[in-house]
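Chains as they are written, first to last, in the numbering used here: chain Z, 613 to 1212; chain R, -15 to 357.
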Amino acid sequence: MTTTTDNYGDQTYTGSGTPLEGEEVVLAFDDVDVRFRTEFGSVHAVKGVDLRVRPGEVVALVGESGSGKSVTSMTAMRLLPSNARIGGAVNVAGKDVGRLSERNMRRLRGNDVAMVFQEPMTALNPVLTIATQMIESMELHAVARGQAAHDRAVELLGMVGIPEPERQMKKYPHELSGGQRQRVVIAMAISCDPKVIIADEPTTALDVTVQADILDLLRSLKDKLNTGILLITHNMGVVADMADRVAVMFKGEIVERGTVEEVLLRPQHEYTRMLLGSVPRMGAGRGQMGIRVREEVDAQAPMAIELRNLVIEYQRLGKPPFRAVDDVSFDVRKGEIVGLVGESGSGKSTIGRCALGLIPAASGDFKLLGEDVISMNRGQLKSLRKRIGVIFQDPAASLNPRLPIGDCIAEPLVVHKVGDRKSRQQRVYDLLEAVQLPREVYNRYPHEVSGGQRQRICVARALTLDPELLVADEPTSALDVSVQARVLKIFAELQDQFGFACLFISHDLAVIDLLAHKVVVLQNGKVVEAGPREQIMENPQEEYTQRLIAAAPVPDPIEQERRRRERHELLLAQGEEIAELQVDDISEFRGTISDEKDTF
Amino acid sequence: MSDRPTPPGDDRPDQDLPRTPGSGREGLSPVPYQQDKAAPQDPDRMDDVTDRADGAGADGDATTYSVEKPLDLSQKSYSQGQLVRRRFLRHRGAMVSLAGLVVITVFAFSSIGYGWFPGWWEKEYWRGGLVLDQGRPTLELWPPALGEHPFGQDNAGKDYFALTMRGTQRSLIVAFTVGLLSTIIGTIIGAVAGFYRGWIEAILMRITDLFIVIPALVLAAVFGKMANGGIWPLAFLLSVIGWTGLARLVRGEVLSLREREFVAAAEAIGTGSGRIIFKHILPNTVGTIIVSATLAIAATILTESALSFLGWGVRAPDTSLGLLISTYQNSFQSRPWLFWWPGMIILAIALAVNFLGDGLRDAFDPRQNRTAD
């Protein structure tokens, strides 16, 4: 294969801050090229990627889905499926990964290079205790054995900030919270003192406050242990918070690289600019990305949702019912967008489902469009549902794969027996135009269009019957940022045009900041704080809201550093701890490693 | 623009690109970890970072450098049904089996006729005659000739070809009736139990358990005597005991499908339960249902043979493949053709239907797209 090294003389391509010849590097990709042979020809996933990671440095590999960033990182672990053809060389801690035998490769994994995965629940084996899994990797690599391994595991759990580590050792993964599980995964990753850690979307599955803690932990880890970190992420805020250097990937190529300030503040490549331009920023408020929302809401407008002391309970077998929503009250006026914010388990989706009549309320008043839902029978509920639209999170799951798109959008018309065949078709065409899709998709199937287009189809379906209220449950969480920007824009335009009330459920404060008129912050099923957007976003009163807003990262390294400091001050003021690697003496931590540790 | 890198592309020609979507040969998600699993890889869009002009196709302005796959409307659209049919037609085993099954069916019904419909074989299956040459088959493979009694004759001089064809008719009727009826019963019971859950599910599934714990053969034996040799009561009886497995399978699938968001979305727009079950849920379980139906057909042919063999199924002078075998089991040593002809046809039907089931399962399974290895 012809190499492309000729291009690398170009300074912008190489990017400043790249390690020079002779400098110590723990992870190096040299012209890595990956193709997957499939039954239907080969797919070129990575096209000549060069990247170097120094010890104690965080290099972020950024890109949207399908950009090849995960595939690139997997070449370092040599964990790609057997139909991959890999070109170029990957060098981990001075060893050429392509030339190692499988036996030595097994020694390398975990020992020199460790991995932190996206979803800690699936990265940990659900049927083994934390202790078994912690000790396993240490015994495999002969770092420590028996009681020594157990002691070291306890020490490691303590280091990553898990309270009462001795007790947690006996637990199973499902007994820990998401953040704790990710800490366990990190503890396992550093147990053999690797030279480089590959963190593949390590915080994507976590709540924003937990994400900030895990990032703090990873930062102190690289400072104290001098480990190199290859951070793979799509979140520009995480990049700004963590990275020293950044490489932006697009369709298998690195299109831009440089120090974090260079790339995020002075992006050169148009893709990077577009990517950064699509990220809604915390604190920037309205008008970003050309998204405009009609600000004035008629204060006398009739209520679309009136909630008074709503309680929703899930029945559990042999246990008292679980109270998912506890004493929640708020209103949504017609023409108003109310953002329902909260972390996972806060009950925000439960309220949304209750508003759709999918879950019954245990007690309290729930008036939808002026009618009392709780005392309704089926017929009344059906006629009420005609006036409510819904958008769900996952566009792949919320469209019936066996129905053509036109039928999906026309379904509400058919169910409520509105119009005839011809008028329904016309209505679908109008809606497709409203969400900027061509008419030709009418006869296509959901699998033929991409995620963002599918979500636009969901928006169209929600608007089929001209609803007075729209419930949007995390409508953009499953989308890439550039796609999200487009969907949000269409959404805002349609809201302006049709003037429906909207209950907008999201965990992303920046999106809420962009769209909502009023914000309701939920925690553990209770309302923490509610009020107009400006008040909540700019001057939050409650500690939880303050922590939540402080934890959301912004894609600007200087601004983010200030926000991080402010967050730490806030945490200290509220009597909380800042997550960091709790180790006093690194040589002591290293000293407990047995002399028999794998070397080869 | 000058600071943009020259992408490494010209010197690495991509010879073997994935097929365009809609061509019927696309893979679902050849790249691991690709989030949008349903988006097929499009070579024209995938490989050119610099060629920005082609991104702005049907989708308007913002698609430049977008990861969103531009809609390709130039290609013909294929529905799920068309894709399934295409995959099915490419399954060699299933195609051969289908041809075999069609040949057997056409032969069985056209040769001796059915009801008032006359056949081209003039001998009657119930009419005895003179036993010629100890009833040996007169079928010659080369030069091809049927002769007087291609499959030979039985003890009473009845034409064995006519008998076997009659038996095949009966067996096929029983098998396909049971395949259809038990599938309908099982699907409905499974879907209702899975969709409504609660006490409805509890009752339906306990009834299912009841049918499972009673040995089917014993039940069939008791009621088979009552059916008194009639073929329709026998088919009905076998359907009534044959639906349990499918009911449990369908219930399991419905339980998981009803938690999907498209069902919640349908519920939220006010769709009735019946429409949700039949329009939204069951079409998504059709793979399981069809495969289970083919397996039921194969199993029924064997059960019917077993029952007739034991004397509880079809009675003389009518006949079925199982009955033929049981009648002439003692002639196996002396006149093996009396055993082999019906036996081979049972085997052929059962195999063909099983292969058909395999083909259908592969056709309906989206994970069909294996990697080339």
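Note that beta-carbon positions come from the ideal geometry of N, C-alpha and C, so glycine has one too.
Residues of the region 242 to 255 of chain R with a C-beta less than 8 Å from any C-beta of chain Z: R244, E245, F246, A248, A249, A250, E251, A252, I253, G254, T255, listed in chain order. In the DSSP assignment, Z:F1201 falls outside any beta strand (DSSP E) and within the unbroken alpha helix (DSSP H) covering 1198 to 1203.
Counting along the chain, Z:H1180 sits inside the alpha helix (DSSP H) bounded by residues 1169 to 1185. Here Z:A1084 is bridged, per DSSP, to Z:I1003, Z:F1116. Against chain R, the beta carbon of Z:R997 has neighbours under 7 Å at A252, I253, G254, listed in chain order. Taken in chain order, the whole alpha helix (DSSP H) runs of length 4 or more contained in the region 714 to 772 of chain Z are 714 to 720, 732 to 735, 742 to 752, 758 to 771.
Bounds of the beta strand (DSSP E) holding Z:S654 are 653 to 665. Here DSSP, grouped into helix, strand and coil, assigns Z:Q992 to helix. When the five nearest sequence neighbours on each side are left out, the beta carbons in the same chain lying within less than 6 Å of the beta carbon of R:D143 are those of K107, H133, in order along the chain.
Linking Z:F1116 to Z:E874 through their CA atoms gives a straight-line distance of about 35 Å. Taking the beta carbon of R:R259 as reference, the chain Z residues within 8 Å of it are V1027, listed in sequence order. Nearest to Z:L740 by C-alpha distance, out of Z:D977, Z:K783, Z:M727, Z:G710, is Z:K783.
Per DSSP, Z:R928 lies in no alpha helix (DSSP H); the unbroken beta strand (DSSP E) holding it starts and ends at 915 to 928. In its chain, beyond the 5 residues on either side, V644, I698, V702 have a beta carbon closer than 6 Å to the beta carbon of Z:T687. Identification of chain Z residues near R:H264 by a Cβ-Cβ cut-off of 7 Å yields N1012, ordered along the chain. Here Z:R647 carries a strand assignment [DSSP, helix/strand/coil].
The region 291 to 303 of chain R and the region 212 to 219 of chain R touch, with three or more beta-carbon pairs separated by less than 8 Å. For Z:P777, the uninterrupted alpha helix (DSSP H) segment begins and ends at 777 to 780.
Contact between R:F195 and R:T148 is ruled out by a C-beta separation of about 33 Å, above the 8 Å threshold. In the DSSP annotation of this structure, Z:F942 is not part of any alpha helix (DSSP H); the continuous beta strand (DSSP E) holding it starts and ends at 931 to 945.
In this model, Z:V766 and Z:S789 are separated by some 18 Å (Cα to Cα). Scanning the region 52 to 123 of chain R for uninterrupted alpha helix (DSSP H) segments of 4 residues or longer gives 64 to 73, 76 to 95, listed from N- to C-terminal end.
When Cβ pairs closer than 8 Å are counted between the two stretches, the region 844 to 863 of chain Z is seen not to touch the region 1185 to 1202 of chain Z, the count staying below three. Excluding its 5 nearest sequence neighbours in each direction, Z:E635 has C-beta neighbours in its own chain below 8 Å: R666, listed in chain order.
Taken in chain order, the members of the region 267 to 293 of chain R whose beta-carbon sits within less than 9 Å of a beta-carbon on chain Z are P267, N268, V270. For the region 959 to 982 of chain Z, the set of residues with a beta-carbon nearer than 9 Å to any beta-carbon of chain R comprises R965, L968, G969, L970, in chain order.
Within chain R, the residues whose beta carbon sits less than 7 Å from that of Z:P1024 are I253, listed in sequence order.
A distance of 9 Å or more separates the beta carbons of Z:A705 and Z:L692. For Z:R795, the enclosing alpha helix (DSSP H) starts and ends at 790 to 802. If only uninterrupted beta strand (DSSP E) runs of at least 3 residues are considered, those enclosed by the region 830 to 910 of chain Z are 840 to 845, 857 to 862, 865 to 871. The way I'd put it, the region 1108 to 1126 of chain Z doesn't touch the region 804 to 811 of chain Z; fewer than three beta-carbon pairs between them come closer than 8 Å. For Z:I1069, the enclosing alpha helix (DSSP H) has its first and last residue at 1063 to 1074.
Fully contained in the region 1088 to 1140 of chain Z are the following beta strand (DSSP E) runs of length 3 or more, in chain order: 1113 to 1118, 1130 to 1135.
Measuring C-alpha to C-alpha distances from Z:R904 to each of Z:I774, Z:I1102, Z:L830 identifies Z:I1102 as the nearest. Residue environment: R:A140 is assigned as exposed (fewer than 16 neighbouring CB atoms within 10 Å of its CB, all protein chains considered).
The continuous alpha helix (DSSP H) containing R:I169 extends over residues 144 to 180.
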